[in-house]
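Sequential numbering from 52 applies to the sequence shown in my numbering.
Ideal Cβ placement from N, Cα and C applies to all residues, glycine included.
From a predicted model like this one, the values you see are computed outputs, not experimental measurements.
The structure appears right after this line, and notes come after that.
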Amino acid sequence: MTAITVEGKRQFTGRLQVPGDKSISHRALMIAALGQRPCTIRGLSNGDDVVRTRHAVEALGAQVAMAESGDVTVTGGVCGARSPIDLGNSGTGIRLLAGLVAGFDFTTTLDGDASIRQRPMDRIINPLTAMGASISGSGANGSLAPLTIEGRPLRGIEYTLPVASAQVKSAVLFAALRAEGPTTVHEAVPTRAHTEEMLAAAGVRLERGSSSVTVWPGEVEPPDVEVPGDPSQAAFWVVGACVAPDSDLVVENVYLGQARGGFIEVLRRMGADITVDSASGDVRARSSELKGTRVTAEELPGCIDEVPILAVAAAAAEGDTAFEGVGELRVKESDRVVAIAQLLDGLGAECRIDGDMLAITGVGRAEALGSGTVDSRGDHRMAMAAAIAGAVGRGSMTVEGFEATNTSYPSFARHLEHSTGWTP
Ligand code: S3P
52 MTAITVEGKR QFTGRLQVPG DKSISHRALM IAALGQRPCT IRGLSNGDDV
102 VRTRHAVEAL GAQVAMAESG DVTVTGGVCG ARSPIDLGNS GTGIRLLAGL
152 VAGFDFTTTL DGDASIRQRP MDRIINPLTA MGASISGSGA NGSLAPLTIE
202 GRPLRGIEYT LPVASAQVKS AVLFAALRAE GPTTVHEAVP TRAHTEEMLA
252 AAGVRLERGS SSVTVWPGEV EPPDVEVPGD PSQAAFWVVG ACVAPDSDLV
302 VENVYLGQAR GGFIEVLRRM GADITVDSAS GDVRARSSEL KGTRVTAEEL
352 PGCIDEVPIL AVAAAAAEGD TAFEGVGELR VKESDRVVAI AQLLDGLGAE
402 CRIDGDMLAI TGVGRAEALG SGTVDSRGDH RMAMAAAIAG AVGRGSMTVE
452 GFEATNTSYP SFARHLEHST GWTP
């Protein structure tokens, strides 16, 4: 296990380019694998999750060539994997691929690490089974990874998401490409829309309503893809710059489409000085005096992955912040409700868990945040949130299990050095 110690009272300055968006990267590889002609993906995330998906589509039969620049050229062709596919820590990888392979005429086993083997898979097994898929999992209810998927002819369904989840929506939409007849997914709260946007760009017949999307089966003609910067990674620097005194930082070329820019709205409501250049996607954040806010359950899917770092902002802010409807955070890479409470406890901010609500009373300013040692619990976002908390606090923060950052952001430590002068 790798531990790092970040000394506090830092400023966040300069310009940064975060890795390519993880959600878009997974989907770009999967859609490319379904096509016939070569296509090039630029700016792909270099995190382990996406590396796993790259290997997965190769194992399924696509040809993948990576240039020194990091550009990846994929020549599609899915014909089945010879051995189980290991998706590591990636919930997006395993859930979306389950939908992608369900209608093919071969059997696939999808597996992952200890965390993935505990995360709920019934949420995709249920709708895919309703489409005619055959999926057997492990555990008492057969609803945990590893998942063995025996390809079957599928039929289109009409499905209302029981939880706000882009992963579930996307698993169903990928399966829909090989189903008989159209498939419609309804969602009460909008979740990230990458799958529908990218399938439409790949020539798939698709109709989007205000709270639904319908996909018809058909061929996929993947275009070349330029992956923009990941807003979930940008959020760490934006919060660092808002919370730390004398800071002024720009994150370049950030994707801010549906359900991805919610953290900026929340921070602005808290009083953050953030400007967005919508043409370039550059996000500029400057030191601000933050006040508590209420993040509603409807708002949460739009900032679901940013809650750990927003909780750090809330801890530094003056007054109370409430995150409502946080149940989904319990089934992420770790139980983030518990992990956030543990981190905030070390920072000296009061944190209460009340059913599905996480309530935080801030200490009023960054320099009042305490220090200590925290374990990442193998969760990349908790590791990065803790490192930023350390950088803005009055003491120092030791983050154990820091290697978890490799899941999505292998250059995080280098960027911390670049933007704050911290030396590892
Ligand atoms: C993702 C959807 C979200 C998010 C995850 C990536 C995606 O998960 O937390 O990091 O790429 O579709 P849920 O759909 O389970 O909320």
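- Rounded to whole angstroms, the gap between the alpha carbons of Pro89 and Pro273 is 8 Å.
- Under the DSSP assignment, Glu451 falls in the beta strand (DSSP E) whose first and last residues are Ser447 to Glu451.
- For Phe374, the uninterrupted beta strand (DSSP E) run begins and ends at Asp371 to Phe374, by DSSP.
- Within the same chain, Pro171, Met172, Asp173, Ile176 and Gly188 come within 8 Å of Ser194 by CB-CB distance, once the 5 residues on both sides are set aside.
- For Ile404, the number of other beta carbons within 10 angstroms of its own is below 16, and it is reported as exposed.
- Checking the 7 Å criterion, the Cβ of Asp386 is out of range of every heavy atom belonging to ligand 1.
- Relative to ligand 1, the beta carbon of Thr104 is positioned no closer than 7 Å to any heavy atom.
- The region 61-71 makes contact with the region 284-292; the number of CB pairs closer than 8 Å reaches 3 or more.
- The continuous alpha helix (DSSP H) containing Pro359 extends over residues Val358 to Ala367.
- Relative to ligand 1, the beta carbon of Ala348 is positioned no closer than 7 Å to any heavy atom.
- Where Leu257 is concerned, the enclosing beta strand (DSSP E) starts and stops at Leu257 to Arg259.
- Distance from the CA of Arg387 to the CA of Thr158, rounded to the nearest whole angstrom, comes to 34 Å.
- Contact between the region 342-349 and the region 367-385 is present, with at least three C-beta pairs closer than 8 Å.
- By the neighbour-count criterion, in which 16 or more other beta carbons inside 10 Å mark a residue as buried, Pro70 falls on the buried side.
- By the beta-carbon neighbour count (other beta carbons within 10 angstroms, threshold 16), Thr326 is exposed.
- Assignment of beta strand (DSSP E) within the region 157-223, counting only whole runs of 3 or more residues, yields 158-162, 185-189, 195-201 and 209-211 in chain order.
- Between Gly128 and the set Gly142, Met321, Leu151 and Ser216, the nearest pair of CA atoms involves Leu151.
- Taking 7 Å as the cut-off, one finds at least one heavy atom of ligand 1 near enough to the beta carbon of Gln218.
- A direct Cα-Cα distance of roughly 14 Å separates Pro282 from Leu318.
- Membership of Arg105 in the alpha helix (DSSP H) is indicated by the continuous run Asp99 to Ala110.
- For Arg311, the three-state secondary structure derived from DSSP is coil.
- Under the Cβ criterion (8 Å, minimum of three pairs), the region 295-305 does not count as touching the region 105-119.
- Buried is the label assigned to Gln218, since at least 16 other Cβ atoms lie within 10 Å of its Cβ.
- By alpha-carbon distance to Ser120, the top candidate from Asn97, Phe155 and Val101 is Asn97.
- Distance from the C-beta of Glu247 to the nearest heavy atom of ligand 1 is not below 7 Å.
- In the structure shown, Glu247 adopts helical secondary structure according to DSSP, grouped into three states.
- Taking every protein chain shown into account, the CB of Asp156 has fewer than 16 other CB atoms within 10 angstroms, so this residue is exposed.
- A straight line joining the alpha-carbon of Thr126 with that of Val276 spans about 14 Å.
- Taking a 10 Å sphere around the C-beta of Ser331, we find fewer than 16 other C-beta atoms and assign the residue as exposed.
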